[in-house]
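Number of protein chains: 2
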Amino acid sequence: MALNEAASKPIAVCSAVDLVAVLAAVTGGQPRVMTIRDGAALPSGPFELDDRSLQSGLRAWVERQTGHPLGYVEQLYTFADRDRAAEGSARRVISISYLGLTREESAKGAGNAGWRNWYDYFPWEDRRSGPPAFLEKAIVSRLRGWAKAADDAAKRRERAERLAISFGLDDSPWNEELILQRYELIYEAGLVEEAVRNGDRDTPAAIPGRPMLADHRRILATGIARLRAKIKYRPVVFELMPPTFTLLQLQRAVEALAGLLVHKPNFRRLIEQHDLVEDTGTTASDTPGRPAKLYRFRRAVLAERAVAGTKLPLTRS
Amino acid sequence: MALNEAASKPIAVCSAVDLVAVLAAVTGGQPRVMTIRDGAALPSGPFELDDRSLQSGLRAWVERQTGHPLGYVEQLYTFADRDRAAEGSARRVISISYLGLTREESAKGAGNAGWRNWYDYFPWEDRRSGPPAFLEKAIVSRLRGWAKAADDAAKRRERAERLAISFGLDDSPWNEELILQRYELIYEAGLVEEAVRNGDRDTPAAIPGRPMLADHRRILATGIARLRAKIKYRPVVFELMPPTFTLLQLQRAVEALAGLLVHKPNFRRLIEQHDLVEDTGTTASDTPGRPAKLYRFRRAVLAERAVAGTKLPLTRS
DNA sequence: TGGCATATACTCATAGAGAGTATAATTATG
DNA sequence: CATAATTATACTCTCTATGAGTATATGCCA
């Protein structure tokens, strides 16, 4: 790495650049992600020089694939660590990843492309019916062992602390946004197949959760983390909803993304007091129980409230 | 862009990859950014294949340059739009940008590298003494003209709305985080030298604010925006502070970053009730007025509160 | 000694979030 | 047909955080 002032024009060092998409949807109260290769990889491909921009190319591709406009795209992260490169490749690949939100509906999933429940890859992240039964035995206890196995005391303490914070042990609360930290911990401890295949150690029994090729599962974790954070301060859930929906459907979508249950009365109050939706006048008929009003997203809020608000105690005038 | 499932190993399409750093500090109540080429560019250089990771290389480089550990590094964005490429180059360059926080102190700024007040590049972003005098005449009125000059009515409305939101006109409040949107607007309107040089139109008098080479000013705006957002929910200001400081110095640093004044009593209450600092027992002597207590950052908060909190109305148990 | 400048400590009102309860309108079931 | 089950919707109560402003302490300097 140079970063020196002499060379402003980059020397012709050349890297392969790969685009990777985390494409999310919610269907039937379950979070879904678009995959290829029978669920073993995220959609990806080489970055070609004739695209106008990274985003526009991704958008076009997704719209072709799903037959549906891609409501929201944002760049996630650019990965280039050599120690996480695709299996055995000497060459370094730079992966620029994107998060896209859409609806599953008309998914024409050509070939073996298709939507998967993303908790297939991270079963421990779904706590809608409480912490999964296998969590303590299959994951936490083994991570505790890994933490204790560190060389020196300082490292042991550090690992134990990371473990407690990531998984909400001791007094820490569970924080659904820390999905990437949890995955990294499990990876470092050598408990996922990806780490094993990369030769970090002999094969211990991998923990529950489907692996992916290369570092795609890490990229997926990054995307889920971003989405879980974003639903809290930006009205992005609506990109995943059908044109009209009931408040319970909306709540179920949020719960699917967060992997947690929310308090119904307070959730409704939140939605209403922020004026995020408007009544359509119709009611849903095919649901059990009392029929619910159908709402639609008030798209005007996107313009009105360009971004959340301040947390700084500003002065007037 | 392919993203197709057949090609998972990227074809050997090759791009030049460039690293760019937005390195920030606060000195004497002013926000500073590390530059090279007499302030015309951000530190940058080709990405070399032997770095262990992008971040580690950046970190090493900065520590060599400033003689100071780099407290905080995060990836900003990866730029690759062809229409913003370096002047006249046919070749596409991918720029991976990073935000780093440090202290200016022992800046050994070799050669013509050095720290600059970042408001040299964005004078309209400093509102600590109110909106700058030139804002209305040199910027806003010209942007209004640009908005009115659009082809069709829809586009005119859209431009007027973007203008109002970005610059806090009409009823919108000023939002200091929208620095990138403001720069993009000015750029699109052809009012910055960078846009002029790229040949968008004949040279109108550029507005106040120093230009930079290529798209470095855009990258700087991205960095400032990220920092302005982050100080609100993460204790990152402290990376910019000396080991001990008074609460007023801390406040001045926040104000320098945000370009806005904060309410002193409430600011202190915020810091105290979040337990962000601890008393050192000493007081500052060289300041005017009543001597203030010196505090230090309670680094433990980094571990305790890994991340802010929830905005979702969760259910118990 | 009397400003002047800063530090530090309170007060008061209000908005928002957490938690829980009560009632209404359907369909399914015995 | 009555009743249970299920979902919808409307309130209540409490507490904390935030916005805004005021009052008092402690130094230096002319």
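Each protein sequence line maps, in turn, to chains L and H. Going by the working numbering, the residue at position 221 of the first sequence is 216; the numbering climbs one at a time, nothing skipped. Going by the working numbering, the residue at position 226 of the second sequence is 221; the numbering climbs one at a time, nothing skipped. Beta carbons are placed, not taken as given, at the ideal position from N, Cα and C, and that holds for glycine.
Along the chain, where does the alpha helix (DSSP H) containing residue i start, and where does it finish?
{"i": "L:LEU215", "result": "211 to 225"}
{"i": "H:PHE328", "result": "The structure shown does not extend to residue 328 of chain H, since chain H spans only -4 to 312, so no value can be given for it."}
{"i": "H:GLU131", "result": "Element bounds for H:GLU131: n/a, residue is neither H nor E."}
{"i": "H:VAL88", "result": "Taken as a continuous stretch (DSSP letters only), H:VAL88 belongs to no alpha helix (DSSP H), being part of the beta strand (DSSP E) at 88 to 96."}
{"i": "H:ARG247", "result": "242 to 253"}
{"i": "H:ALA298", "result": "295 to 299"}
When DSSP labels each residue in this structure, what does residue i get in the three-state scheme?
{"i": "H:ASN112", "result": "strand"}
{"i": "L:TYR228", "result": "coil"}
{"i": "L:PHE162", "result": "helix"}
{"i": "L:VAL187", "result": "coil"}
{"i": "L:LEU271", "result": "coil"}
{"i": "H:PHE74", "result": "strand"}
{"i": "L:ARG154", "result": "helix"}
{"i": "H:ARG205", "result": "coil"}
{"i": "L:GLU179", "result": "helix"}
{"i": "L:GLY276", "result": "strand"}
{"i": "L:LEU309", "result": "strand"}
{"i": "L:GLY140", "result": "helix"}
{"i": "L:ARG264", "result": "helix"}
{"i": "H:GLU99", "result": "coil"}
{"i": "H:HIS258", "result": "coil"}
Please report whether the beta-carbon of residue i lies at a distance below 8 Å from any beta-carbon of chain L.
{"i": "H:TYR67", "result": "no"}
{"i": "H:GLU82", "result": "Confidence in H:GLU82 is poor, its pLDDT being 48 and thus under 50, which makes the residue's placement unreliable; the coordinate value appears in the next sentence. So no, H:GLU82 is outside the interface."}
{"i": "H:ILE219", "result": "no"}
{"i": "H:GLN70", "result": "yes"}
{"i": "H:LEU265", "result": "yes"}
{"i": "H:ILE91", "result": "yes"}
{"i": "H:LYS150", "result": "no"}
{"i": "H:SER124", "result": "no"}
{"i": "H:PHE240", "result": "no"}
{"i": "H:SER314", "result": "Examination of residue 314 of chain H is not possible in this model, given that chain H is present from -4 through 312 alone."}
{"i": "H:VAL12", "result": "yes"}
{"i": "H:ALA253", "result": "yes"}
{"i": "H:LEU49", "result": "yes"}
Can you round the beta-carbon distance between residue i and residue j to whole angstroms, since I take them to be within the 8 Å contact cut?
{"i": "L:ILE174", "j": "L:ILE219", "result": "5 Å"}
{"i": "H:ILE214", "j": "H:VAL17", "result": "6 Å"}
{"i": "H:LEU49", "j": "L:ALA75", "result": "5 Å"}
{"i": "H:LEU94", "j": "H:LEU222", "result": "7 Å"}
{"i": "L:SER39", "j": "L:VAL15", "result": "4 Å"}
{"i": "L:LEU242", "j": "L:VAL232", "result": "Contact doesn't hold; Cβ gap of about 12 Å is too wide."}
{"i": "L:TYR290", "j": "L:THR275", "result": "6 Å"}
{"i": "L:GLU271", "j": "L:PHE240", "result": "Residue identity check: residue 271 of chain L is Leu in the sequence provided, not Glu. Contact flag wrong, Cβ pair sits at about 12 Å."}
Should residue i be flagged as near chain H, meaning a C-beta pair shorter than 8 Å?
{"i": "L:ALA75", "result": "yes"}
{"i": "L:PHE117", "result": "no"}
{"i": "L:ASN112", "result": "no"}
{"i": "L:THR310", "result": "yes"}
{"i": "L:HIS269", "result": "no"}
{"i": "L:LYS227", "result": "yes"}
{"i": "L:VAL272", "result": "no"}
{"i": "L:SER136", "result": "no"}
{"i": "L:LEU256", "result": "yes"}
{"i": "L:VAL17", "result": "no"}
{"i": "L:PHE262", "result": "yes"}
{"i": "L:PHE233", "result": "no"}
{"i": "L:GLU131", "result": "no"}
{"i": "L:GLU99", "result": "no"}
{"i": "L:ALA298", "result": "yes"}
{"i": "L:LEU175", "result": "no"}
{"i": "L:GLU120", "result": "no"}
{"i": "L:GLU156", "result": "yes"}
{"i": "L:LEU307", "result": "yes"}
Looking at the ligand SAM, does it come within less than 7 Å of residue i, judged from the CB to the closest heavy atom?
{"i": "H:PHE262", "result": "Looking at this structure, you won't find the ligand SAM or any other ligand, since it has none at all."}
(Q) Quick check on the DSSP output: what are the complete beta strand (DSSP E) runs of length 3 or more inside the region 12 to 61 of chain H, in order along the chain? (A) Entirely contained in the region 12 to 61 of chain H, the beta strand (DSSP E) runs reaching 3 residues are, in chain order, 25 to 30, 39 to 41.
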